[in-house]
Structure formats: C-alpha cells, structure tokens
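Quick notes on the structure that follows.
Residue numbers (the UniProt record's numbering): 1 to 179.
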C-alpha cells in the first residue's frame, strides 16, 4: 500500500472509472471526532478505497481500514490498544436524491459540492468499530490480577444476597403476631 496521506475529499464519479484503488494513510489529526473522544492512533490508519458503478449508474464505494486505536481499559484504567480491521461499502447519494430512495441495506455516502469526505467516511467506520466497553482482551489486566473466590466464599455471598421480599416477610410476621 502506498505510504501517502489520503486526500480529504475526492470526486467519486471520476474515481468510479478508475480501476486502481485509492490507498494511503490517515493521521490522527485528520480524525477530529476520534481525537475529541480521547482516542489516539498508535500508528496512522491504513485505508484502501475502490469506486465502481453499479447497474443503473449508481456509484458505490468499497473500503477497508486497519488501525491500532489507543484506548483506556475500563477495568484497570491502564492503556491498551484495540486493533481494527474493518471493511465497508456504501452508495454515493447524488445531490438532490433522498436517503429514503435507497434500499435499507445500502449505506448512503453523502456528497458535498460534488465530493465525498474520505476522512469523515473512514472516521465513521473507526468510531463504529469501537468496543462498547474497552477492556484488555484476555480478561486479565496488567498489575491487577483477578480475585479468585473459593466455593465457600461464593456460597456465603449467595446467602448474604438481599432478598427483596425478605422485608415483606418480616413485616408479615409482625402483623401476624399483632393480629
């Protein structure tokens, strides 16, 4: 893959006639929403985009992105990397066409002044690839071993669990004694 920085915006209709993919790198500075969310890139994201025409003249974009995202583990609050290797595709929505005209299974890619934002498209896909709760993959955070409970401790904890109806039972017992 080429080691060049991807342009911010491209003309998808011109690229639809090109058989070569658009390939390059994206730095964190090109992804402001990722940075605003406190997410860093361990290295520039590698991106490949290919444009083509479908039956009916619709322009589609097919892409892939690979990145190492630097996140904070929510278990130990330590640093961790999250590998992302995602593929995506969408239909370029001509100006004047409505999203409602597209079938539900097709992802619209919006035009702005006859161009699409490559940076925003890739950033959307990286944001969608984020885990809901980032944690180290092996369930063991460095410098914080998991506590192993014995069977006796587990049984004791189960017996101590609050029963939401225990208070009602005690109240009923007192009412029976009074009545």
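Built from N, CA and C at the ideal position, the CB exists for glycine as well.
Cβ contact (3+ pairs, closer than 8 angstroms) linking the stretch 55-64 and the stretch 89-98: A contact is defined here as three or more CB-CB pairs under 8 angstroms, and the stretch 55-64 meets this definition with respect to the stretch 89-98.
Proximity to residue 39 [Cα-Cα], best of 18, 82, 171: Per the Cα distances, 82.
Per DSSP, the bridge partner or partners of residue 223: As shown, the chain starts at 1 and ends at 179. That puts residue 223 outside it, with no answer to give.
Separation of residue 44 from residue 4, as counted between CA atoms: Rounded to whole angstroms, residue 4 and residue 44 show a C-alpha spacing of 11 angstroms.
Residue nearest to residue 17 in terms of C-alpha spacing, selected from 135, 52, 8: Of the candidates 135, 52, 8, the one whose C-alpha sits nearest the C-alpha of residue 17 is 52.
Residue 23 to residue 30 span [Cα, whole Å]: Between the alpha carbons of residue 23 and residue 30 lies a gap of roughly 15 angstroms.
Assigned exposure category for residue 148 - 16 Cβ within 10 Å defines buried: By the 16-neighbour rule on beta-carbons within 10 angstroms, residue 148 is exposed.
Straight-line gap, residue 48 to residue 140 (C-alpha atoms, nearest Å): One C-alpha to the other measures close to 34 angstroms.
Cβ neighbour criterion (16 or more within 10 Å) applied to residue 116: Classification of residue 116: buried, given that the 10 Å Cβ count is 16 or more.
Those residues which DSSP pairs with residue 10 across a bridge: Looking at the DSSP assignment, residue 10 forms a beta bridge with 116.
Delimiting residues of the beta strand (DSSP E) encompassing residue 47: From DSSP, the beta strand (DSSP E) with residue 47 extends over 45-53.
Under the three-state DSSP convention, the category residue 103 falls into: It is coil, neither helix nor strand.
Identified DSSP bridge partners for residue 80: Under DSSP, residue 80 forms a beta bridge with 71.
Under 8 angstroms between C-beta atoms of residue 67 and residue 15: Result no, Cβ atoms of residue 67 and residue 15 do not sit closer than 8 angstroms.
Per-residue burial, residue 34 [other beta carbons within 10 Å of its own, 16 or more giving buried]: Buried, since its Cβ has 16 or more Cβ neighbours within 10 Å.
Residues bridged to residue 85 (per DSSP): Looking at the DSSP output, residue 85 bridges to 66.
Contact test: residue 6 Cβ vs the ligand FAD heavy atom, cutoff 7 angstroms: Judged by which ligands are present, the structure shown has none, so any question about the ligand FAD falls away.
CB of residue 27 within 8 angstroms of CB of residue 118, strictly: Contact flag unset, no.
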